[in-house]
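One structure is given here, and the rest of the page talks about it.
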Amino acid sequence: MESFDVICNSKNCKGEDYPYFVPCMLKSPKKNTRGTNMRTGPLPVFLTFNTNYVPSGLFCRLVVHFWEWASQLCRDPRMAPSLFSNAARFNVSEVYQLTLECHKTVIKLIIWTQRDSDGMEEKRICEELLNLLERCRTRLSVTCPWLRSSTMELYVKCQLCEPCPDKCRDVTNICILHKEKGCSHFDCGHYIPLGSSGLSCEHSVDAVPDYPREKLDPWVQALKSIERKKRTGGRNEEPSPSDAVKQGVPSDEDLEWLSHKLENWEELGRRLGIDDATLTAFDDDYKKKRKKIYKMLRHWKKKDGSAATYKISECCPLFKNRSQVPSEDDLEWLSHRLEKWKTFGHLLKIEEARLTAFDDKNVEYSEKIFKMLLHRRERLEREEWLSCNIHVKQGVPSDEELEWLSHQLENWEELGRHLKIEQATLTAFDDDYGRKRKKIYKMLQHWKQKDGSDATYMVLHDALCHQFVNRADLAEKLCRQ
Numbered sequence: 001m002e003s004f005d006v007i008c009n010s011k012n013c014k015g016e017d018y019p020y021f022v023p024c025m026l027k028s029p030k031k032n033t034r035g036t037n038m039r040t041g042p043l044p045v046f047l048t049f050n051t052n053y054v055p056s057g058l059f060c061r062l063v064v065h066f067w068e069w070a071s072q073l074c075r076d077p078r079m080a081p082s083l084f085s086n087a088a089r090f091n092v093s094e095v096y097q098l099t100l101e102c103h104k105t106v107i108k109l110i111i112w113t114q115r116d117s118d119g120m121e122e123k124r125i126c127e128e129l130l131n132l133l134e135r136c137r138t139r140l141s142v143t144c145p146w147l148r149s150s151t152m153e154l155y156v157k158c159q160l161c162e163p164c165p166d167k168c169r170d171v172t173n174i175c176i177l178h179k180e181k182g183c184s185h186f187d188c189g190h191y192i193p194l195g196s197s198g199l200s201c202e203h204s205v206d207a208v209p210d211y212p213r214e215k216l217d218p219w220v221q222a223l224k225s226i227e228r229k230k231r232t233g234g235r236n237e238e239p240s241p242s243d244a245v246k247q248g249v250p251s252d253e254d255l256e257w258l259s260h261k262l263e264n265w266e267e268l269g270r271r272l273g274i275d276d277a278t279l280t281a282f283d284d285d286y287k288k289k290r291k292k293i294y295k296m297l298r299h300w301k302k303k304d305g306s307a308a309t310y311k312i313s314e315c316c317p318l319f320k321n322r323s324q325v326p327s328e329d330d331l332e333w334l335s336h337r338l339e340k341w342k343t344f345g346h347l348l349k350i351e352e353a354r355l356t357a358f359d360d361k362n363v364e365y366s367e368k369i370f371k372m373l374l375h376r377r378e379r380l381e382r383e384e385w386l387s388c389n390i391h392v393k394q395g396v397p398s399d400e401e402l403e404w405l406s407h408q409l410e411n412w413e414e415l416g417r418h419l420k421i422e423q424a425t426l427t428a429f430d431d432d433y434g435r436k437r438k439k440i441y442k443m444l445q446h447w448k449q450k451d452g453s454d455a456t457y458m459v460l461h462d463a464l465c466h467q468f469v470n471r472a473d474l475a476e477k478l479c480r481q
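With the UniProt record's numbering applied, the sequence shown has no gaps in its numbers, which climb one by one up to 481 at the end.
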């Protein structure tokens with residue numbers, strides 16, 4: 001029975017045998033034991049089958065293989081797995097767990113932790129999991145003949161289809177299996193192959209799934225690593241330059257991250273094919289270096305369109321060998337640390353005239369910077385964020401409090417961006433009101449009117465604590481209880 005994966009006898013770290021157990025005789029969990037604690041980890045993936053249902057006897061055999069595998073990864077006897085007839089949880093490292101959930105048509109696999117994400121560790125676990133699934137396919141095709149005609153592939157759940165159009169009645173959007181409108185059950189979902197290029201939805205013509213890059217990247221890197229090892233017969237191989245450069249057009253967040261880390265921006269501009277007249281115009285029009293750089297990068301992206309790809313990494317070493325797309329915070333951080341920004345502009349092949357337009361050496365750097373920055377809340381340590389937000393006031397700040405705040409702020413446009421106020425609106429405030437205090441107060445009133453009941457102390461607290469606004473002291477005085 002053990003040779004046919006019907007029973008399991010895994011050993012703990014002392015070499016002692018666990019009691020035999022029979023997966024197919026396990027009971028269902030008494031309740032949904034999913035905790036409310038915040039979890040981090042790679043994107044959940046799903047095993048799908050050409051039979052459109054989970055083959056009989058497959059899940060219990062997978063549990064046997066996963067236990068044997070997990071017992072080698074985490075040999076602490078105190079971290080025993082939790083096993084049920086339709087679910088299982090294994091410890092796959094000191095801090096990471098793997099949960100399997102068996103539904104009627106798919107099996108969900110979730111790698112998670114309650115601590116901060118570790119990209120390298122997640123990539124390692126994803127790669128080992130992919131290798132394990134390949135071994136399972138091979139072994140089960142031998143021990144279970146009825147599974148030979150059944151395919152088992154990894155997919156991700158489409159964010160755009162609930163339920164899948166192929167699994168519901170036309171027009172009504174009522175799923176066939178559960179008779180529910182807009183059913184979000186996993187059995188009624190639409191799934192996209194994990195290894196497909198672009199991860200696009202075949203049922204959508206005006207949108208594509210937007211998966212968080214930090215969650216999808218461990219799987220992408222693991223698949224690339226496995227493919228490289230197949231090409232080299234298992235030998236380690238340095239990724240080629242083409243593998244290291246991301247595909248597609250950089251987002252505005254990427255450009256903002258880069259603008260905060262550049263020195264010789266004009267040289268970069270020239271390398272990007274921007275003429276000197278345009279660079280000079282940027283240099284003349286914008287007084288603050290960070291704004292010059294960001295405007296220059298935005299101009300390059302608009303000028304080249306779909307050709308404005310991640311070839312920028314060839315000009316800037318900061319983009320080389322990055323495992324994920326830089327965030328807008330990274331771009332903003334970089335712009336605050338650049339000195340030789342003109343040199344970088346030259347690398348981007350931006351015209352000298354445009355670079356000159358960006359810079360007015362006779363005027364001090366002003367706060368009219370980064371008109372096009374996008375909002376993103378600061379990535380605080382999860383525990384720190386929770387501990388500080390527990391004590392934040394409830395409700396909406398009063399006009400008197402906003403007026404008080406307007407007299408304390410300097411980087412008002414950065415605060416506005418992190419309150420999700422559009423750049424066009426911030427520019428209008430900057431043009432229409434002469435005194436800084438009035439600009440700030442009008443901006444805060446606009447935010448309060450725009451967001452209504454969502455313009456809370458919590459939102460204002462997070463924006464003030466953002467690393468580029470850097471006014472946690474004001475957040476403490478105004479928003480904390």
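Ideal Cβ placement from N, Cα and C applies to all residues, glycine included. All values derive from a computational prediction rather than experimental measurement.
CB contact flag (Pro44, Ile125, <7 Å): No.
Euclidean distance between Cα positions of Gln159 and Tyr53: For Gln159 and Tyr53, the distance between alpha carbons rounds to 21 Å.
Other residues of its chain near Asn470: CB distance less than 8 Å, five sequence neighbours each side excluded: Only residues of its own chain outside the window of five on either side were considered, and among them Asn411 have a CB closer than 8 Å to the CB of Asn470, listed in chain order.
Candidates Tyr191, Tyr441 and Glu134: closest to Pro163 by CA position: Considering only alpha carbons, the answer is Tyr191.
6 Å CB neighbourhood of Val208 in its chain, flanking five on each side removed: Taken in chain order, the residues that qualify are Ser200.
Reduced DSSP secondary structure (H/G/I, E/B, other) of Leu460: The DSSP-derived three-state label of Leu460 is helix.
Cβ contact (3+ pairs, closer than 8 Å) linking the segment 130-141 and the segment 163-180: The segment 130-141 is not in contact with the segment 163-180.
DSSP-derived helix/strand/coil call for residue 483: Any answer about residue 483 is impossible in this case: the structure gives the chain only from 1 up to 481.
Closest residue to Pro55 among Lys108, Met152 and Ser93 (Cα-Cα distance): Considering only alpha carbons, the answer is Met152.
Nearest candidate by alpha-carbon position, reference Leu129, set Trp265, Thr40, Leu255 and Ala222: Ranking Trp265, Thr40, Leu255 and Ala222 by CA distance to the CA of Leu129 puts Ala222 first.
Reference Lys439, options Ser453, Leu405 and His461, closest by Cα: Ranking Ser453, Leu405 and His461 by Cα distance to Lys439 puts Leu405 first.
Integer Cβ distance of Gln445 from Leu402, believed to fall under 8 Å: Contact flag correct, Cβ pair sits at about 7 Å.
Alpha helix (DSSP H) runs contained entirely in the segment 139-188, provided each spans 4 or more residues: Restricted to the segment 139-188, not a single alpha helix (DSSP H) segment is unbroken, complete and at least 4 residues in length.
Nearest to Leu255 (by Cα), restricted to the options Ala475, Glu127 and His299: Here the closest residue by C-alpha is His299.
Integer-rounded CB distance, given that Asn50 should sit under 8 Å from Ser150: Correct: roughly 6 Å between the Cβ atoms.
Cβ contact (3+ pairs, closer than 8 Å) linking the segment 79-90 and the segment 58-68: Enough Cβ pairs lie closer than 8 Å, so yes.
Straight-line Cα distance separating Trp257 from Asp116: Taking the straight line from one Cα to the other gives about 22 Å.
Bridge-paired residues (DSSP) for Asn91: Residue pairing from DSSP places Asn91 in a beta bridge opposite Gln97.
Helix, strand or coil at Ile125 [DSSP, three-state]: In the structure shown, Ile125 sits in a helix (DSSP, three-state: H, G or I).
Burial state of Ser259 (16 or more Cβ within 10 Å): So Ser259 ends up on the buried side.
Continuous alpha helix (DSSP H) assignments of at least 4 residues falling wholly in the segment 411-477: If we require 4 residues or more, the alpha helix (DSSP H) runs fully inside the segment 411-477 come out as 412-418, 423-432, 436-451 and 457-465.
Residue(s) in a DSSP beta bridge with Ile110: Under DSSP, Ile110 shares a beta bridge with Thr99.
C-beta atoms of Tyr155 and Thr48 nearer than 7 Å: It is a contact, given that the beta carbons lie within the stated cut-off.
Val45 - containing beta strand (DSSP E), residue span: Element bounds for Val45: Val45 to Phe49.
Same chain, Cβ closer than 8 Å to Thr113, five either side skipped, listed in chain order: Contacts found: Arg39, Thr40, Gly41, Val95, Tyr96 and Gln97.
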